[in-house]
Amino acid sequence: MKKMHSNPKVMNRGILPEGAEEGKGSFEEVVPLPSLIGVSKTINYRNVEIPRSPCTAKKDCRVPPRAAQRLSKDWTNNLVTIPKDIGTIFFAIAKILCPHDWLEDDVYQSVILEMDRDVNFSDQLIFEYHALSPLFDNIFADLSADALILSLSNIENTPFFRLLLGRTILYLYDDPVVWSGCGYEGVAGCTNEMPRDDIDDVDWLPDPQAARGQS
Amino acid sequence: MTRFSLEDDRVVVVIGSGAGGGTTAHSLCSEGVNVVLLEAGPQIDADNFVQDEVAAYDMLAWQEPQEARGGWRVARDMPDNPTWVCRAVGGSTIHWTATALRFKDYEFKCRSTYGAIAGSDLIDWPISYEDIVPYYDRAEKVMGVSGKNGMPHHPTNNQYKVLHAGALGVGYTQVTPGSLAVNSRPYDGRPASRQDGFALQGDRSRAKWSTAYIEIPRALATGCLDLRPDCCAVQIEHDVNGKASAVVYVDKNGQRRRQRCSIVVVACNAVQTPRLLLASASSRFPDGLANGSGYVGRCYMRHVTGSTWSIFDKPIRMCRGEMMPGLVADEVLHRPERGFSGGYYLELLSLSLPAIAAGVDPGWWGKDFAWFVERHGNMAGLFLNGEDLPQRENRITLNMDRLDDNDMPIPVVTYTEHPNDLAMQSHGYAAMRNIHKAAGAVCSHDTPPWPASHNMGTTRMSDDPANGVLDNWGRSHEVENLFVSDGSVFTSSASANPTLTIVALAMRQSEEILRQLRR
Chain A
36 MKKMHSNPKV MNRGILPEGA EEGKGSFEEV VPLPSLIGVS KTINYRNVEI PRSPCTAKKD
96 CRVPPRAAQR LSKDWTNNLV TIPKDIGTIF FAIAKILCPH DWLEDDVYQS VILEMDRDVN
156 FSDQLIFEYH ALSPLFDNIF ADLSADALIL SLSNIENTPF FRLLLGRTIL YLYDDPVVWS
216 GCGYEGVAGC TNEMPRDDID DVDWLPDPQA ARGQS
Chain B
124 MTRFSLEDDR VVVVIGSGAG GGTTAHSLCS EGVNVVLLEA GPQIDADNFV QDEVAAYDML
184 AWQEPQEARG GWRVARDMPD NPTWVCRAVG GSTIHWTATA LRFKDYEFKC RSTYGAIAGS
244 DLIDWPISYE DIVPYYDRAE KVMGVSGKNG MPHHPTNNQY KVLHAGALGV GYTQVTPGSL
304 AVNSRPYDGR PASRQDGFAL QGDRSRAKWS TAYIEIPRAL ATGCLDLRPD CCAVQIEHDV
364 NGKASAVVYV DKNGQRRRQR CSIVVVACNA VQTPRLLLAS ASSRFPDGLA NGSGYVGRCY
424 MRHVTGSTWS IFDKPIRMCR GEMMPGLVAD EVLHRPERGF SGGYYLELLS LSLPAIAAGV
484 DPGWWGKDFA WFVERHGNMA GLFLNGEDLP QRENRITLNM DRLDDNDMPI PVVTYTEHPN
544 DLAMQSHGYA AMRNIHKAAG AVCSHDTPPW PASHNMGTTR MSDDPANGVL DNWGRSHEVE
604 NLFVSDGSVF TSSASANPTL TIVALAMRQS EEILRQLRR
């Protein structure tokens, strides 16, 4: 599969406003800095209590399903290009990059298997992984979450990280299981016969119909 | 199926089948002119469009190599992918969001209105608003633009409720459902929108206007159109008099062919059009065909853009309904007291989860990122679309060291924002956050510009041949039978989405081509 419109070769992580500490931002502090226009702001949502809004999700039936939907414990046996031990590392990293505690491991494992199916990509990924050494020798020896976050923060600008992040995002968020948990419906609710009749079901905002006639 | 001989030098060759090329081909064929329409991409029946972000991108997008350079963030985030246009019969009218807005009167007189702006290369258009009005009128009817000519506005969706409440809450007054070239009721043999949120993926129902299933089939029905999909133009040749004489292209079998012609209309978009002209350099035109002024490829514009995504504490389901069914027009007017010249629209925007995850902030990862995207169901979006000043060094050039599969040098897109652009963008981000906050948003995230779908200015029209490429009809100042019919012709970007203006200009230009053919 080719990349989508946001190239997986993604770059910089968010840059904090001067004086801000990561994890200490808020709605009010998200201010545009003229010198950094276009550069992202990182803010902490840890204290924001908003539940997700899961929904029924469905992919267009014209899109072929993934080869491996549910995987066994021995999922690494399905890896062809990526060595098993490295696949295990990639899996651990994917869970750190996009951590959703309501997702089962098999969803992340499926992401690594999708990478593995793209032989050219996985060859390049493995090459860039090995290129991390010796600068980052043993960087992934400890696969605990805290250790991985620190390790990944140190390699954000490497080709390996960019490749892995781009494809992780591409494959993970193209999975209808993930859509459902994140509240994206896909084609669920759409028919070929009738327009959707649920497009204005928000009842906590005023109905603009009255004003429409004046506009 | 109509086929014209490669040696038939009476045909008009149109290169590109999108808003400009598709409209031109149809206009000419309807008048009995024989047209060969070259399209680099395949012909895809609308029934085969997939309503899926990733699969549709793979099917439709132009993914040939490009390079991005300059100070814009796209050059860092997507260095080999700075534009997002379609490679298929119908061009980018397949994936456009269908926002169909007219330029303002003063935007055709931007240099006179704004005055000189240091670092920009702003000139007035060689045509006025009055010149284009009859064609705007015609285009809006043909395209079935909502809110015009009896086509009702699209129904309110949840995103519009957010926009309406928030925009009124911060004091805006020009809040409307916008103008979409999508049927809100059955029209012109096509159904009403299914309100399913799929526009970027191609509209399988055909409710959205596209040359792919409107103008091009109608042109084919005249018997005057020879449509050649999967045929990529690589050179325009000229005769001893400096007139365009043939177009060399590579067909789907990789065969190089030469179609002779009477007139050439280049309509490949503002990256590929200058690329083709630059690649057609000859001893007579050493810097590229029609490039005596040196302006081919220069003054590339992509609009000042950005988007803001906000989380609410209840579901929004932003992808229900049309993608851009509302806008705020209060910031469009030129009011320099804001700290910048020109203006911008605030437009609703809905994106799928895959697009949000990939594009909300390229490079973002970790807990905050996951927290944000997993609340897609509670998310609302706004898009800033504003006037981008022309700058000579923002340009399309060729990388002679990197050739594509057809042995063409790949295009290099160099772009750096003007301080005016940055001031406008900053103002727009604040406006979008304020709107969402007034509607009850808990938090917001500003998203940087993505690869451009609005590509403009690289063969601009001008009164003076010394500071442009085309005359007031979109005809080369130097090559009398060479026309351009896409966003490349724009003298300035204005604040509105470009497609309606491309179509109107193509209709107007077609009349001039007919006059020229009959002279």
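So the protein sequences, as listed, match chains A and B.
The first sequence maps to residues 36 to 250 in my numbering.
The second sequence maps to residues 124 to 642 in my numbering.
Note that CB positions come from ideal geometry on N, CA and C, so glycine has one too.
These figures come from a predicted structure and were not determined experimentally.
Asked                                                                                                                                : Found
Test item: CB-CB of A/Asp-235 and B/Asn-280 under 7 Å                                                                                : yes
B/Arg-308, DSSP secondary structure in three states                                                                                  : coil
Cβ-Cβ separation, B/Gly-415 to B/Glu-601 (assumed contact under 8 Å), whole Å                                                        : 5 Å
Residues sharing a beta bridge with B/Asp-349, DSSP                                                                                  : B/Val-159
Chain-ordered neighbours of A/Pro-134 on chain B, where CB pairs are closer than 8 Å                                                 : Gly-489, Lys-490, Ala-493
N- and C-terminal bounds of the alpha helix (DSSP H) containing B/Val-233                                                            : The displayed chain sequence assigns Cys, not Val, to residue 233 of chain B. Looking at the DSSP string, the run of the alpha helix (DSSP H) that includes B/Cys-233 is 233 to 237.
C-beta atoms of B/Val-173 and A/Asp-209 nearer than 7 Å                                                                              : no
Beta-bridge partners of B/Met-424, as assigned by DSSP                                                                               : B/Met-579
Beta-ladder partner(s) of B/Tyr-468, from DSSP                                                                                       : B/Asn-508
Residues of its chain near A/Phe-162, where Cβ-Cβ distance is below 8 Å and the 5 sequence neighbours each way are ignored           : none
Burial state of B/Asn-557, where buried means 16 or more other Cβ atoms lie within 10 Å                                              : buried
Within 7 Å, strictly: CB atoms of B/Ser-235 and B/Gln-514                                                                            : no
is_contact[A/Asp-240, chain B] using C-beta, thresh 7 Å                                                                              : For clarity, residue 240 of chain A is Leu in the given sequence; the question names Asp instead. Answer yes: the Cβ-Cβ gap between A/Leu-240 and chain B drops below 7 Å somewhere.
Per-residue burial, A/Lys-119 [other beta carbons within 10 Å of its own, 16 or more giving buried]                                  : exposed
Rounded separation between B/His-287 and B/Arg-351 - CA only                                                                         : 46 Å
Neighbourhood of B/Glu-230 by C-beta distance below 6 Å, restricted to the same chain and skipping five residues each side           : Ala-617
Sub-7 Å separation of B/Leu-160 and B/Ala-148 beta-carbons                                                                           : yes
Chain B contacts made by the segment 87 to 100 of chain A, where a contact means CB separation under 8 Å                             : Arg-87, Ser-88, Pro-89, Cys-90, Lys-94, Asp-95, Arg-97, Val-98
Where the alpha helix (DSSP H) containing A/Leu-148 begins and where it ends                                                         : 140 to 152
Own chain partners of B/Arg-133 with C-beta closer than 6 Å, once the 5 adjacent residues on each side are dropped                   : Ser-385
Close-in-space but distant-in-sequence residues of the same chain around B/Phe-321 (CB under 6 Å, 5 per side omitted)                : Gln-174
Buried or exposed (CB count within 10 angstroms, at least 16 for buried), A/Lys-108                                                  : exposed
Coarse secondary structure for B/Trp-432, derived from DSSP in three states                                                          : strand
Within 7 Å, strictly: CB atoms of A/Val-237 and B/Lys-284                                                                            : yes
Interface residues of chain A facing B/Glu-497 [CB-CB closer than 7 Å]                                                               : Arg-87, His-135, Gly-216, Cys-217
7 Å Cβ cutoff met for B/Gly-429 and B/Gln-282                                                                                        : no
Beta carbon of B/Leu-224 nearer than 7 Å to that of B/Ala-575                                                                        : no
Buried/exposed call for B/Trp-432, threshold 16 Cβ in 10 Å                                                                           : buried
Where the beta strand (DSSP E) through B/Pro-534 begins and ends                                                                     : 532 to 537
Contacts around B/Glu-190, its chain only, beta-carbon distance under 8 Å, and the 5 residues preceding and following it disregarded : Pro-202, Asp-203, Pro-205, Asn-522, Arg-525, Ile-533, Pro-534, Val-535, Val-536
Three or more C-beta pairs below 8 Å linking the segment 308 to 317 of chain B and the segment 326 to 335 of chain B                 : yes
Straight-line Cα distance separating B/Pro-300 from B/His-276                                                                        : 6 Å
Nearest-angstrom beta carbon gap, B/Ile-217 and B/Cys-391 [assumed within contact, 8 Å]                                              : With 8 Å as the limit, B/Cys-391 and B/Ile-217 do not qualify as a contact, their Cβ atoms being about 15 Å apart.
Proximity test, Cβ basis, 7 Å: A/Leu-200 and chain B                                                                                 : yes
Backbone CA spacing between B/Arg-383 and B/Arg-638 [nearest angstrom]                                                               : 20 Å
Rounded Cβ spacing between B/Thr-622 and B/Ala-142 (contact assumed at less than 8 Å)                                                : 5 Å
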